[in-house]
Every structure is written in structure tokens, then in C-alpha cells.
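Counting in the working numbering, the sequence shown runs from 201 upward without gaps. Cβ atoms here follow ideal geometry from the backbone N, Cα and C, with glycine treated the same way. Down below is the structure, laid out as C-alpha cells.
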Amino acid sequence: MPELCTVPSALRRLDAPASLPHRYRALDVGAGIGRVTADVLLHLVHDVVLVEPVESLVQEALARGKASADTQRRRKKSGPWKGIQEKAKSVTFIQDTLQGIDPIRPSSSSKVLGRVGYVPPAEDLDEPFDVVWGQWCLGSLSDPDLVKFLKRSRAALRDPSHSLIIVKENCCADTEDGKPQTVYDDTDSTLTRSDLAWKKLFEEAGLQLIQEQTQLGFPEGLYMVRMLVPRSSNCAHSLGTRDPSHSKYAEWLGSRFTLR
Ligand SMILES: C[S@@+](CC[C@H](N)C(=O)[O-])C[C@H]1O[C@@H](n2cnc3c(N)ncnc32)[C@H](O)[C@@H]1O
């Protein structure tokens, strides 16, 4: 699966199919200053909607996006974001929380701050998503809020049988007798969930885990970092509607996540 450190470089062409039925879109939630958008998502899709509640962080993300759009103002520190200056790709910035954002209608957020890069002929903010990515931010949600967010995300996916939700979070162990476990950290009011705890919440949201991976290379004694990929558990109804070229891209996108 792609990682911030392993996704192919902006200079290396990916073997994406040439003709696509539509532009591919990702939602990056709890996005901070836009690391996942810049280093992963813009390498995989055309258009990203970046959502972050903290003013200073979302403004920094916006500044980095704007700097990428303008050759004169490019920041040496972070490097230009792929496809933005050429207007081949786009990022739209929204200041909102996971509880507040409606992935089905991002335009309903009160603070849509701006967009850089590609400008569509018609408004596309509420088009469905091919990828919803939540990295190191879902622990700030209670179980009921997380299930609501996952349900809204599931409903916002373009194709339930190919579109993806990606969860990358710290994970604790299940209990010794094999039960789900959730650990509350009162220093930052976050929850760390075990594998079974995640699986239970996915199930409640109508999702089923199809891929999981542990990120290696962290020092011992820290929580495991896990990438979990759930998909809609009742996706069979959409299979007849898929365009073959869409299917080809979806397969390619899936291969980036080692989901064959
Ligand atoms: C550790 S950072 C991760 C940022 C980014 N996902 C990354 O991996 O680089 C956690 C982010 O989650 C955001 N966050 C915390 N609670 C949130 C909430 N309820 N809704 C949306 N974002 C939240 C924080 O503002 C922060 O930007």
C-alpha cells in the first residue's frame, strides 16, 4: 500500500490507463498541513478535497497549495504539489471537522476556503469520491461519531465495489481473551482501537475489511501503525453499472493499494 515514504516520485510516470471515463477524486480528512494530499493522493488521483478543522493547519495547507500553483512563490521547503501548477490536478480546501463534513455534499460546509490547480467546466465539489483517506485523525471520534462518519463516507463513494476508504491509525492489541479493546488517552482525548474494535465499527457502518497492513520501521514500545481498507459489504448491486474503462482505472488504483 502507498506510504508517505514509498509512493512513487513525482518524476516517475505511473502506468495509469490513458483514457478515463471521468476524473478521479479523493477526500483527505483530518488532513493537517496536507502531507497525505501532497505525498500520496495527488500521485494517485486528479482532484483532492482536503478537510482540516484547525485554522493554522488548514491555512498552512492552503498556503502550500497556492505556492505550488505559482512558480514564483514555490516553497523550497515542501516542494511543489504534483499537477497543481500545470492545472492538471486540483486541491479544494475546506475548514471543517470529521463530525461536520458531509462527504456526500462537501459544499454544505460553511468554510470552503478555496481551490488550486485544475478548474472544472462545471462545479464538481459534490461529485462522488473514489478514495476517502483518514490518517491519524479518526481516534479523535467517539464510536458513534466514527460510525456516522464511515456511513457518510460509504455513501459518498462512486463505486462501492471499487472505491476505497483508507484508515491509517495507531492500533492497540485486542484483549488477552480475544475481545475488542479501545484505550482512552486523557492527555490528548483520543481513542486507540484494536483490530477487533475497528472490525466491529466497520461492520456497524456497513463495511467489511478487505485489506490490512502493519507499517514497519517504528521503534518498539509504540502502538502498531495499521492501514485498514474497508469496503461496502453489499456492493454486488453496482457491478452491472460499471464502465469498462472505469473498471480498468479502478483496478490500477486498487493495485496501488495492493488490493488485487
Ligand atoms: C496527527 S495529525 C494527522 C494529519 C494528517 N492526516 C497526516 O497524517 O499528516 C491529526 C489531525 O487530525 C485533525 N483532527 C483532530 N480532530 C479532528 C476532528 N474531530 N475532525 C477533523 N480533524 C480532526 C487535527 O487537527 C490534525 O490535523
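Exposure of residue i, with buried meaning 16 or more beta-carbon neighbours within 10 Å
i    : result
Q295 : buried
Q299 : exposed
S363 : buried
F349 : buried
P430 : buried
P221 : exposed
D239 : buried
F402 : buried
E369 : buried
L439 : With a pLDDT of only 35 at L439, under the threshold of 50, the placement of this residue in the model should not be trusted; the figure read from the coordinates follows. Looking at its Cβ environment, which holds fewer than 16 other Cβ atoms inside 10 Å, L439 is exposed.
S219 : exposed
G417 : exposed
A322 : exposed
A386 : The question names Ala, yet the displayed sequence has Asp at residue 386. Exposed.
L244 : buried
K379 : exposed
D324 : buried
Best match in the options for proximity to residue i [C-alpha to C-alpha]
i    : options                : result
D374 : T392, S256, H243       : T392
C372 : A355, V425, V229       : V425
I410 : V367, K266, Q299       : V367
D377 : S394, N370, G317       : S394
V254 : T297, W281, I365, I284 : T297
S342 : G314, Y384, P380, D324 : Y384
E412 : P419, I365, E420, G279 : I365
L396 : G421, D388, T387, L428 : L428
T237 : G265, T271, S256       : G265
P360 : E260, S432, V347       : S432
V258 : K400, R315, G279       : R315
H246 : E260, P328, S278, A261 : P328
Pair within 8 angstroms by beta-carbon distance, residue i and residue j
i    : j    : result
I304 : R225 : no
R358 : L407 : no
S307 : D326 : yes
T382 : S340 : no
K287 : V319 : yes
A269 : G317 : yes
V347 : A405 : yes
S309 : I301 : yes
L313 : W281 : no
Residue i Cβ short of 7 angstroms to ligand 1 heavy atom set
i    : result
P253 : yes
A531 : Nothing about residue 531 can be reported from this structure: the residues present for the chain run from 201 to 460 only.
C371 : no
V425 : no
V331 : no
W281 : no
R235 : yes
G232 : yes
T292 : no
Q512 : This structure cannot speak to residue 512, because the chain is shown only from 201 to 460.
Q335 : yes
L422 : no
L341 : yes
V229 : yes
Heavy atom of ligand 3 within 7 angstroms of residue i beta-carbon
i    : result
L257 : Only ligand 1 can be found as ligands here, which leaves ligand 3 out of the picture.
**Report entry** Contact the stretch 239 to 257 vs the stretch 277 to 297: 3+ CB pairs below 8 angstroms
**Finding:** Between the stretch 239 to 257 and the stretch 277 to 297 there are three or more C-beta pairs closer than 8 angstroms, enough to call the two in contact.
Query - Three or more C-beta pairs below 8 angstroms linking the stretch 226 to 237 and the stretch 321 to 337 - result: Taking 8 angstroms as the limit for Cβ pairs, the verdict is that the stretch 321 to 337 does touch the stretch 226 to 237.
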